[in-house]
Amino acid sequence: MSKIKLFSLSLIVFAFISCGGDTTETNTKTVGKNSNVAPALEGNTSSESSAAKDNIFRLNFSDPPTFDPALVTDTTSASIIVEIFSGLVTLNKELEIIPDLAKSWDISDDGKTYTFNLRDDIKFSNGDKVTAGDFKWSIERAANPDTGSMNAEVYLGDIVGVTEVIDAGGSLTEVKGLSVIDDETLEITIDEPKTYFLAKLTYPTAFVLSEKYVTEQGENWIDQPVGTGPFVMTEYQIGQTLKLKPNDNYWGEKAKVDGIIMNLAGGVSMAMYENDEVDITGVGLADLERVKDPNDPLNKDLVNVPPQFSLNYIGFNVNMPPFDDVNFRKALSHAVDKEIIADKIYSGLTKPAFSIIPPGFPGYSPNIEGLNFNEELAKEYLSKSKYADPATRPRIIVTIPGTGGSPGLDTEVISDMWKETLGVEVEIQQVEWATYLQDMNRKRLQLWAGSGWQADYADPQDFIDVLFYSKSDVNHGNYSNSEVDDLILEARTEIDNNRRFLLYNKAEQMIVDDAAIFPLWFDTDGYALVKPWVRGYEFTPIIVPKFKDVEINS
Numbered sequence: 001m002s003k004i005k006l007f008s009l010s011l012i013v014f015a016f017i018s019c020g021g022d023t024t025e026t027n028t029k030t031v032g033k034n035s036n037v038a039p040a041l042e043g044n045t046s047s048e049s050s051a052a053k054d055n056i057f058r059l060n061f062s063d064p065p066t067f068d069p070a071l072v073t074d075t076t077s078a079s080i081i082v083e084i085f086s087g088l089v090t091l092n093k094e095l096e097i098i099p100d101l102a103k104s105w106d107i108s109d110d111g112k113t114y115t116f117n118l119r120d121d122i123k124f125s126n127g128d129k130v131t132a133g134d135f136k137w138s139i140e141r142a143a144n145p146d147t148g149s150m151n152a153e154v155y156l157g158d159i160v161g162v163t164e165v166i167d168a169g170g171s172l173t174e175v176k177g178l179s180v181i182d183d184e185t186l187e188i189t190i191d192e193p194k195t196y197f198l199a200k201l202t203y204p205t206a207f208v209l210s211e212k213y214v215t216e217q218g219e220n221w222i223d224q225p226v227g228t229g230p231f232v233m234t235e236y237q238i239g240q241t242l243k244l245k246p247n248d249n250y251w252g253e254k255a256k257v258d259g260i261i262m263n264l265a266g267g268v269s270m271a272m273y274e275n276d277e278v279d280i281t282g283v284g285l286a287d288l289e290r291v292k293d294p295n296d297p298l299n300k301d302l303v304n305v306p307p308q309f310s311l312n313y314i315g316f317n318v319n320m321p322p323f324d325d326v327n328f329r330k331a332l333s334h335a336v337d338k339e340i341i342a343d344k345i346y347s348g349l350t351k352p353a354f355s356i357i358p359p360g361f362p363g364y365s366p367n368i369e370g371l372n373f374n375e376e377l378a379k380e381y382l383s384k385s386k387y388a389d390p391a392t393r394p395r396i397i398v399t400i401p402g403t404g405g406s407p408g409l410d411t412e413v414i415s416d417m418w419k420e421t422l423g424v425e426v427e428i429q430q431v432e433w434a435t436y437l438q439d440m441n442r443k444r445l446q447l448w449a450g451s452g453w454q455a456d457y458a459d460p461q462d463f464i465d466v467l468f469y470s471k472s473d474v475n476h477g478n479y480s481n482s483e484v485d486d487l488i489l490e491a492r493t494e495i496d497n498n499r500r501f502l503l504y505n506k507a508e509q510m511i512v513d514d515a516a517i518f519p520l521w522f523d524t525d526g527y528a529l530v531k532p533w534v535r536g537y538e539f540t541p542i543i544v545p546k547f548k549d550v551e552i553n554s
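What follows is the structure in structure tokens.
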């Protein structure tokens, strides 16, 4: 969720948990349009590994930049937050919008007013009652600039009054479009009828916090967060471990495990899996041939992981030289042979991207014409650029997330192609993940790689509008095209989805033609290992709450 997803293709291509020695690969890898389950979930209980010793699910993870739903901007944080907190509605594993803390809702005839009826006697994890007032306060808190949310306008801005609160700089706190009818009834009014509005409420920015608890605890509330999700956090040691246990006050079916233990200290994930230190791991290229061998003991645990809805790309800040020149951006885009990188470096296990919306995603079009590899075109565009002369060309720094290890191999190869084909040299700068996110969100980066965008809900608005509308806070590259804006605004209120998708496709083609970003890879099938005693762990293409369904059979 919040979409900024960390990619580390050079070490772990399709692993879904930290794998190999790269402790920067932090987010759970979610996959496939139709959820898959491990072979063990369908009756395979044989394994050479020792039996599970307790009812704890163990996995590798990494430190989340935040536990605050209002502040989440990355999949690492979101993967934890959806287990601890919740909202009015949620997504199930089939990516359908289903009731969560709201048992039902009604939509007015004009499509602008949503009336949510909360479940009876729902409680926070500390036992306090959840009221409609808590929801109103939580949304207003997210919109308040003092909170510092980077996503409030993107995901809540359709609600009447949210933009006014954001723009007021703290002098206005009440959102007009939120009305508490009674403790169990919340009314939300949006500015125009929008088919995707309910889906936005599945995003953490709309999740509920306890007004009483947060107010009483002040800034320290996040040290022991109180939520409404299926789990509560019991321990967090930065860089060491994160522990969850079932929420006794959860309204729905209780979690089947006694706890979740996440290792944050790094290590070689495959070795940890073989030593029964973790119950699940991704499979990198170095181990893939071995574990695919039917004679290898680990082969019984091997799971095919279908692709998730994400796009890996290199970002250009079009307000910063030399990326303010469309010809320079096009020159870089045409100078890279993504097909040969996919084939020779990643053994065909990654799919080159030339558009924005991932294959299989609603609104995907195979007819988008991308900026394909063409050395002559690349040189031609460079010659047209005002930065053609290397003597006067500004210094170029590509920022990637990391903590001192080797840059991603794809980043190095792409840099080499730019240098060999165009004579364009870039410097690679690594920064810690939280700093990377902060600088990206504040639009400080000139050129960045190593991350991507993961869908939060199944609608092309979540890619085209959120990433490329000129006034979007998540438009990290400051891209602006008035024709694209007009198409996006028209699509927002178009009720006919077929026409709406065509509007997004038209905007998508313009964005690609402008080289607003440099698309690299779409997710493809990958592989994972899951212990035979683990049941109920399913893979989904979007982050959804899933730990409560996991079972450990010793």
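The working numbering puts the first residue of the sequence shown at 1, with every later residue one more than the last.
Heads up, the beta-carbon is just placed ideally off N, CA and C, and yes, glycines get one too.
This one's a predicted model, so the numbers in the text were calculated from it and none came from an experiment.
By the criterion of a C-beta distance shorter than 7 Å, Gly111 is surrounded in its chain by Pro193, once the five residues flanking it on both sides are discounted. Relative to the Cα of Asn317, the nearest Cα in the group Leu422, Gly161, Phe468, Thr185 belongs to Phe468.
In this structure, Asp183 is the residue among Asp183, Thr75, Gly177 with its C-alpha nearest to the C-alpha of Asp120. The Cβ-Cβ distance between Pro69 and Phe197 does not fall below 7 Å.
A Cβ-Cβ distance of about 6 Å is found for the pair Leu71 and Ser149, placing them in contact under the 8 Å criterion. Ser310 sits in a strand when the DSSP states are folded into three classes.
In this structure, Pro322 places its C-beta atom within 7 Å of the C-beta atom of Tyr387.
Around the beta carbon of Ile122, 16 or more other beta carbons lie within 10 angstroms, which makes this residue buried. Per DSSP, reduced to three states, the secondary structure at Ser482 is helical. The beta carbons of Ala528 and Val291 sit no closer together than 7 Å. In the DSSP assignment, Phe463 falls within the unbroken alpha helix (DSSP H) covering 461-468. Ile84 is not a Cβ neighbour of Pro307, given a cutoff of 7 Å. For Ala528, DSSP records a beta bridge to Gly282, Val303. If you draw a straight line from the Cα of Tyr273 to the Cα of Thr281, it is about 7 Å long. Taking all protein chains in view, the Cβ of Thr215 is surrounded by fewer than 16 other Cβ atoms within 10 Å, so the residue is classified as exposed. Straight-line spacing of the CA atoms in Ala458 and Ser310 works out to 11 Å. Residue nearest to Thr173 within the set Thr163, Val180, Ile181 is Thr163 (criterion: CA-CA distance).
Three or more Cβ pairs closer than 8 Å define a contact, and the segment 126-143 falls short of that threshold against the segment 408-420. DSSP, read as helix, strand or coil, puts Glu375 in helix. Between Trp521 and Thr350, the beta carbon gap of about 5 Å places them in contact (Cβ cut-off 8 Å). Excluding the 5 residues flanking it on each side, Asn475 has same chain C-beta neighbours closer than 7 Å at Leu467, Phe468, Tyr469, in chain order. Nearest in C-alpha terms to Glu483, of all of Gly477, Gln509, Thr493, Arg499, is Gln509. By the CB criterion at 7 Å, Gln240 and Ala265 fall inside the cutoff. In the same chain as Gln461, and ignoring 5 residues on each side of it, the C-beta atoms closer than 6 Å to its own belong to Tyr196, in chain order. For Ala335, the number of other beta carbons within 10 angstroms of its own is at least 16, and it is reported as buried. Ala342 carries a helical assignment under DSSP once its states are collapsed to helix, strand and coil. If you look at Thr215, you'll find it in the alpha helix (DSSP H) that goes 211-217. For Thr73, there is no enclosing alpha helix (DSSP H), since its DSSP letter is neither H nor E. Each residue's CA atom was taken as its position, placing Pro99 and Lys93 some 13 Å apart. Contact annotation: Ile222 and Phe67 have beta-carbon atoms nearer than 7 Å. In terms of Cβ geometry, Gln454 and Thr90 do not form a close pair [threshold 7 Å]. Of Lys531, Lys176, Pro407, Thr234, the smallest CA-CA separation from Pro297 is found for Lys531. Contact check for Ile190 against Asp158 passes: the beta carbons are separated by less than 7 Å.
Within the DSSP bridge table, the entry for Asn60 names Asn263 as partners. A residue is called buried when at least 16 other Cβ atoms come within 10 angstroms of its Cβ; Lys546 meets this threshold and is buried. DSSP places Asn295 outside any beta strand (DSSP E), giving it a letter other than H or E.
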